[in-house]
DNA sequence: GGATGTGAAGCGGTTCACAGCC
DNA sequence: GGCTGTGAACCGCTTCACATCC
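Residue numbers (the UniProt record's numbering), protein chains in the order written: chain L, 1 to 245; chain G, 1 to 245.
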């Protein structure tokens, strides 16, 4: 039975767990900081602490890339930087197009983290004629009509969507049709894309709502059990005992 | 032994899984869209599709809040909106302070998603004297010296850190000392906070790097196994079998 | 001795598949 | 008949604990 035997192929390539991939950039950043401080070697304990994870996780993560440490010693910072960079694909340049040059798009265009490590802003595009021609972070804003043109000539493979929500899906369809296979979406909508295209979402409002949930619990909201003894009025919560007692 | 018996208390309150909490805002947004279109009732299948998840997951998520659906029918949109809002703590107002009014802080201050649902910008702060006094998104920028003041008088419980990396930890320490227990961090650093304070991180550069990793695999990078036998050029996508087929 | 690398156990989350109810 | 709600199986990630190697 088990009709999804072939599911394993989903974790493609070398099979680095997605959770590990998501942490590699954090390790890389910590390593760069160590490098700047002139540190040549680092233990899993130290690096883990700098990255905000525990050392077992760090070691397991790194073990997926290969055996780049030395037992009894630690990891050579420079070597590890190179290996992680290579694994993440940062040893080559990636051309990025930013679509939507409102406040957010502008912030992105000026963000140092883009230019610094392997990412090149190959185009800023907007539908607003008033913005077209303006120079932002050293690049001239072009009209959205030229989207396909910019993607093709700039060999753009990553599109950053920073448009209003209502425009995002249309823009997404266009960049995908033009050959882009990775999208970073800042618009508060669920984008639908064909198989093979990766979308990552950054959503400020969602993050805030998650924080609000936890904050509410701390403060005695509907999910909070701390007050279950007494009987304040309001949205009469349905009580469920939790072992926390 | 097992010295982490009390770890269970970490998943506090009613015990809604963290993964579920992270999806509730997405459902909420989809429900609002349905509401605007005048839809009164929705099935798990429809709502799931609008939210970009599968229906089993959606049903299990909602079941953690209670039995708010009707078998054979679906969920009443308005009722579900209320229940999720209440669970997330959006039926009350949350005061937010934004620290750092560069491009990003400005984008955040002007972001509609803040004001719209339960979040009120109670303060914009910056260390740059040139910015202090300026009006942004209808609010006057105040000097960072007044941070504690603003937090106390505005009853701020959520701080958004949009400062340069080097300033973030110091700002974080100050907002925590002033009583803030939820932090949304946009600065590319790992913040350390005392027990009981929640930090969520939004990191553009990390998202891009994750995309680059996958992009590289598609294109035949070091993690790519597809070409190990032969060598066709081009972005010959790595095929992923999906049971739907 | 000391730190890495890794089987094995543990845990949370996802998916299946169907019982339960309208 | 149709759709929700949910136990059970499954899966991947985390953590432990220690064998392994410098």
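Yeah, the Cβ is synthetic: ideal placement off N, Cα and C, and Gly gets one too. Every value quoted in this text rests on a predicted model; they were computed, and no experiment measured them.
Check for me: the alpha helix (DSSP H) holding residue i runs from which residue to which?
| i | result |
| --- | --- |
| residue 20 of chain G | 18-36 |
| residue 149 of chain G | 147-153 |
| residue 176 of chain L | 165-177 |
| residue 48 of chain L | 44-51 |
| residue 92 of chain G | Careful: residue 92 of chain G lies outside any alpha helix (DSSP H) and carries neither H nor E. |
| residue 63 of chain G | 55-63 |
| residue 211 of chain L | 204-219 |
Might you give, ordered along the chain, the residues of its own chain that have their beta carbon closer than 6 Å to the beta carbon of residue i, omitting 5 neighbours on each side?
| i | result |
| --- | --- |
| residue 105 of chain G | 98 and 162 |
| residue 19 of chain G | none |
| residue 171 of chain G | 99, 161 and 163 |
| residue 187 of chain G | 161, 163, 165 and 168 |
Please report whether the beta-carbon of residue i lies at a distance below 7 Å from any beta-carbon of chain G.
| i | result |
| --- | --- |
| residue 205 of chain L | yes |
| residue 198 of chain L | yes |
| residue 169 of chain L | no |
| residue 101 of chain L | no |
| residue 80 of chain L | no |
| residue 151 of chain L | no |
| residue 38 of chain L | no |
| residue 125 of chain L | no |
| residue 31 of chain L | no |
| residue 148 of chain L | no |
| residue 193 of chain L | no |
| residue 165 of chain L | no |
| residue 177 of chain L | no |
| residue 208 of chain L | yes |
| residue 107 of chain L | yes |
| residue 138 of chain L | no |
| residue 202 of chain L | yes |
Mind checking if residue i is an interface residue toward chain L, Cβ cutoff 7 Å exclusive?
| i | result |
| --- | --- |
| residue 246 of chain G | Because residue 246 of chain G is not part of the residues shown, which for chain G are 1 to 245, the question remains open. |
| residue 110 of chain G | yes |
| residue 13 of chain G | Residue placement at residue 13 of chain G is poorly supported in this model, since its pLDDT is 38, which falls under 50; the coordinates still yield a value, given next. It does; some Cβ of chain L falls within 7 Å. |
| residue 104 of chain G | yes |
| residue 25 of chain G | yes |
| residue 222 of chain G | yes |
| residue 47 of chain G | no |
| residue 143 of chain G | no |
| residue 74 of chain G | no |
| residue 84 of chain G | no |
| residue 182 of chain G | yes |
| residue 20 of chain G | no |
| residue 212 of chain G | yes |
| residue 250 of chain G | The first residue shown for chain G is 1 and the last is 245, placing residue 250 of chain G beyond what the model contains. |
| residue 190 of chain G | yes |
| residue 89 of chain G | yes |
| residue 129 of chain G | no |
| residue 58 of chain G | no |
| residue 97 of chain G | no |
Considering residue i, what are the terminal residues of the beta strand (DSSP E) in which it resides?
| i | result |
| --- | --- |
| residue 182 of chain G | 182-185 |
| residue 158 of chain G | 158-161 |
DSSP state of residue i, grouped into three classes?
| i | result |
| --- | --- |
| residue 75 of chain L | strand |
| residue 135 of chain L | strand |
| residue 197 of chain G | coil |
| residue 126 of chain L | strand |
| residue 112 of chain L | helix |
| residue 143 of chain L | strand |
| residue 81 of chain L | helix |
| residue 120 of chain G | strand |
| residue 102 of chain G | coil |
| residue 40 of chain G | coil |
Beta-carbon within less than 7 Å of residue i's beta-carbon, same chain only, minus the 5 sequence neighbours each way: which residues are those?
| i | result |
| --- | --- |
| residue 80 of chain G | 31 and 68 |
| residue 37 of chain L | none |
| residue 91 of chain G | 85 |
| residue 201 of chain L | 185 |
Quick one: residues in its chain with C-beta nearer than 8 Å to the C-beta of residue i, no 5 flanking neighbours on either side, listed in chain order?
| i | result |
| --- | --- |
| residue 240 of chain G | Residue placement at residue 240 of chain G cannot be trusted, given a pLDDT of 28 that sits under 50; what the coordinates show is reported in the next sentence. Excluding positions up to five away in sequence, the list is empty. |
| residue 143 of chain G | 125, 126, 127, 129 and 132 |
| residue 195 of chain G | none |
| residue 71 of chain L | none |
Throw me the rounded Cβ distance for the residue i and residue j pair, which I believe falls under 8 Å.
| i | j | result |
| --- | --- | --- |
| residue 157 of chain L | residue 192 of chain L | Not confirmed; about 20 Å, so no contact. |
| residue 41 of chain L | residue 77 of chain L | 7 Å |
| residue 189 of chain G | residue 147 of chain G | Contact flag wrong, Cβ pair sits at about 18 Å. |
| residue 119 of chain L | residue 208 of chain G | 6 Å |
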